[in-house]
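All you need for my numbering is the position in the sequence shown, starting with 1, plus 1053.
Here is the structure we will look at, set down as structure tokens.
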Amino acid sequence: MQVNNSQGDPVRTGSIYHVIKIFTPPAADDTWFTQELIVKGKTITVMVDGRRLFEYVEPAGVTGAAPGGGGDHRLSSGTFALQAHDPGSEVHYRNIRVKRLP
1054 MQVNNSQGDP VRTGSIYHVI KIFTPPAADD TWFTQELIVK GKTITVMVDG RRLFEYVEPA
1114 GVTGAAPGGG GDHRLSSGTF ALQAHDPGSE VHYRNIRVKR LP
């Protein structure tokens, strides 16, 4: 899930690369905000500051290859990473919680 409110890349906070792109930032720079990513089965819900940005349901027949490349994008168990996209950007994280859902 993208964390980018104003850096040059037009894909903004809350986006899921190669799946859902948001072009209007849901939060401001230099302000703490919450992001929630909830995955249940084939459904992803993304929320910023308690406001649902979208709910994505993976369509039947997805092979795993993302449009335009970028690796395996099927919804299943796996890993995730936190990063700052641009070398000149500064991102702070706090209170990171990960919970396996039943």
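For glycine and all other residues, C-beta sits at the position ideal for the given N, C-alpha and C.
Measuring CB to CB, does threonine 1087 end up less than 8 angstroms from glycine 1067? The count along the sequence shown starts at 1 and reaches residue 1087 at position 34. The count along the sequence shown starts at 1 and reaches residue 1067 at position 14. If you check the CB distance, threonine 1087 and glycine 1067 do not come in under 8 angstroms.
Where the beta strand (DSSP E) containing leucine 1106 begins and where it ends: Along the sequence shown, read from residue 1 onward, the residue named residue 1106 stands at position 53. First-last of the beta strand (DSSP E) with leucine 1106: 1104-1110.
DSSP three-state label for glutamine 1088, please. Position 35 of the sequence shown, counting from 1, holds the residue named residue 1088. Of the three classes helix, strand and coil, the one that applies to glutamine 1088 here is strand, per DSSP.
Does the Cβ of isoleucine 1149 have 16 or more other Cβ atoms within 10 Å, making it buried, or fewer, making it exposed? As a first step, residue 1149 must be located in the sequence shown, where it is residue number 96. So isoleucine 1149 ends up on the exposed side.
Under 8 angstroms by Cβ, that's how I've got tyrosine 1109 and isoleucine 1091 pegged, so tell me the actual separation to the nearest angstrom. Numbered from its first residue, the sequence shown carries residue 1109 at position 56. Numbered from its first residue, the sequence shown carries residue 1091 at position 38. Contact between tyrosine 1109 and isoleucine 1091 fails: their C-beta atoms lie close to 11 angstroms from each other, not under 8 angstroms.
DSSP on glycine 1101, reduced to helix/strand/coil? Along the sequence shown, one-based indexing puts residue 1101 at 48. The sequence as given places valine at residue 1101; glycine does not occur at that position. The DSSP-derived three-state label of valine 1101 is strand.
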